[in-house]
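The structure appears below as structure tokens.
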Amino acid sequence: MTETVHLAVDGRRATVRIDRPEVHNALDRATLDGLAAAFRTIAADPAVGVAVLTGTGDRAFSTGADLGEQEQFLQRPNDYWAWMGHFIAAVDAIRQCPVPVVARLNGMVVGGGNELNLACDLAVAAEDISFRHVGPSRGSLPAGGATQWMPLLVGDRRAREVMLLNRPHTALQALHWGWVNRVVARERLDREVDGLCEELLAKMPEIVRATKVQLDFWKDLSWSMTIRMAREWLTLHAASMEVAEGLRSFQEKRPVDYELLRSAIEQAGPAHACPGCGTQPIERNAAFCSRCGSPLAGSPDA
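Residues 276 to 577 in this note's numbering are what the sequence shown spells out, letter by letter.
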């Protein structure tokens, strides 16, 4: 479909593969568009009876949004609204696919990658992979499917543990919690996925399709009632101090300065934002922007 998303149809089975292993199959705009196009193609093909979503390699299924691409929104935060539209379109194409979609979880499942997993109907995981959400640790609201659907799968308390504590979880723990359907040794992953696909194809197609729609009631309800507000909130905060600190700490390979963020709230507002280049956060006592050199509010040269 695109350079980073591949669609292969073999008989009545379609396989969609995210192909960005060098960045842990992270989701940039082109990849999201490729996913949406692939699942729309599947939906329009009456010969296909089951679909599989996976990633290239054995390190990652997907780690969610491409943080390199996300940094641009610090300078142009309103552009995030369009990016989120591409993410929503990809998730909708997966969850509204008329045939069952099996997530073949070949590697770590993180953030938006888990939201793709949650959009699927069934999930099979290799036993050596991990699951994680990092939104409150890294500067993103996990409301692209996770806050809506994790409580339905694992229960409210466990969903809160995943979303708020941001700890990694093993595949076996995910199985115990109902996060996935099967966990198998890596060498058996394809065999297990193949078996599920064969079982699904040995069912009446119209009834399978209608059953899937009925089962989606609560997912559809929670999604439709929250996703527009999530999109607006994420756009309004795309250049916020917390998002900036999360992205910059990741790029600079350093810990997030949580005390800086809490101190900013305590002082009734964020630290400086540069009027010249938009860089933030900048400490309140700074006179000049460290990136472009522009004088900051309160300095004699401002």
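C-beta: ideal position from N, C-alpha, C; glycine also.
Bounding residues of the alpha helix (DSSP H) (the contiguous stretch that carries residue i)
{"i": "Gly581", "result": "Outside the displayed range of the chain (276 to 577) lies residue 581, so it cannot be described from this structure."}
{"i": "Met425", "result": "Ala421 to Val429"}
{"i": "Val374", "result": "Unbroken run through Val374: none, as it is neither H nor E."}
{"i": "Gln526", "result": "Met516 to Gln526"}
{"i": "Thr501", "result": "Phe492 to Leu511"}
{"i": "Ser412", "result": "Gly410 to Arg413"}
{"i": "Val468", "result": "Leu464 to Leu476"}
{"i": "Leu535", "result": "Tyr533 to Glu541"}
Residue i vs residue j beta-carbon contact at 8 angstroms
{"i": "Thr329", "j": "Arg288", "result": "no"}
{"i": "Leu416", "j": "Ala311", "result": "no"}
{"i": "Leu349", "j": "Ala519", "result": "yes"}
{"i": "Gly419", "j": "Val366", "result": "yes"}
{"i": "Ala326", "j": "Val376", "result": "yes"}
{"i": "Pro411", "j": "Arg484", "result": "no"}
{"i": "Arg461", "j": "Asp403", "result": "yes"}
{"i": "Arg370", "j": "Lys494", "result": "yes"}
{"i": "Glu390", "j": "Ala421", "result": "yes"}
{"i": "Leu447", "j": "Val459", "result": "no"}
{"i": "Leu464", "j": "Arg379", "result": "yes"}
Residue i: first and last residue of the uninterrupted beta strand (DSSP E) it sits in
{"i": "Leu282", "result": "Val280 to Asp285"}
{"i": "Ile293", "result": "Arg288 to Ile293"}
{"i": "Met438", "result": "Met438 -> no beta strand (DSSP E), and no H or E assigned at all."}
{"i": "Phe348", "result": "First-last for Phe348: undefined, no H or E at that position."}
Own chain partners of residue i with C-beta closer than 6 angstroms, once the 5 adjacent residues on each side are dropped
{"i": "Val455", "result": "Ala398, Ala400 and Ala449"}
{"i": "Ala364", "result": "Ala311"}
{"i": "Ala283", "result": "Thr290"}
Bridge partners - residue i, DSSP secondary structure assignment
{"i": "Ser405", "result": "Thr445"}
{"i": "Val459", "result": "Ala401"}
{"i": "Ser337", "result": "Val384"}
{"i": "Leu302", "result": "Ala340"}
{"i": "Arg379", "result": "Val399"}
Close-in-space but distant-in-sequence residues of the same chain around residue i (CB under 7 angstroms, 5 per side omitted)
{"i": "Trp508", "result": "Leu416"}
{"i": "Ala577", "result": "The pLDDT assigned to Ala577 is 49, lower than 50, so where the model puts this residue is not dependable; a value taken from the coordinates is nonetheless given after this. Pro570 and Leu571, listed in sequence order."}
{"i": "Val298", "result": "Asp341"}
{"i": "Tyr355", "result": "Phe348, Leu509, Thr510 and Ala513"}
{"i": "Leu580", "result": "Nothing can be reported for residue 580: it is not among the residues displayed for the chain, which extend from 276 to 577."}
{"i": "Pro575", "result": "Note that Pro575 has pLDDT 46, beneath the 50 cutoff, so the model's placement of it is unreliable and the number below is only indicative. Taken in chain order, the list of residues that qualify is empty."}
{"i": "Thr445", "result": "Ser405"}
Close Cβ partners of residue i (< 8 angstroms) along its chain, the five nearest in sequence each way excluded
{"i": "Ser569", "result": "Cys549, Pro550, Gly551, Cys552 and Phe563"}
{"i": "Gly332", "result": "Pro296, Asn300, Asn381 and Gly382"}
{"i": "Ser497", "result": "Gln423, Trp424 and Leu427"}
{"i": "Arg304", "result": "Glu344, Trp358 and His361"}
Cβ pair count under 8 angstroms reaching 3, the region 332 to 344 against the region 382 to 390
Result yes; three or more Cβ-Cβ pairs closer than 8 angstroms.
Taking 8 angstroms as the cut-off, does the region 470 to 483 touch the region 412 to 432 (at least 3 CB pairs, one atom from each stretch)?
Contact check between the region 412 to 432 and the region 470 to 483: fewer than three CB pairs, one atom from each, fall below 8 angstroms, which does not count as touching.
Three CB pairs or more closer than 8 angstroms across the region 343 to 358 and the region 519 to 537
Three or more pairs of CB atoms, one per stretch, sit closer than 8 angstroms, so the region 343 to 358 contacts the region 519 to 537.
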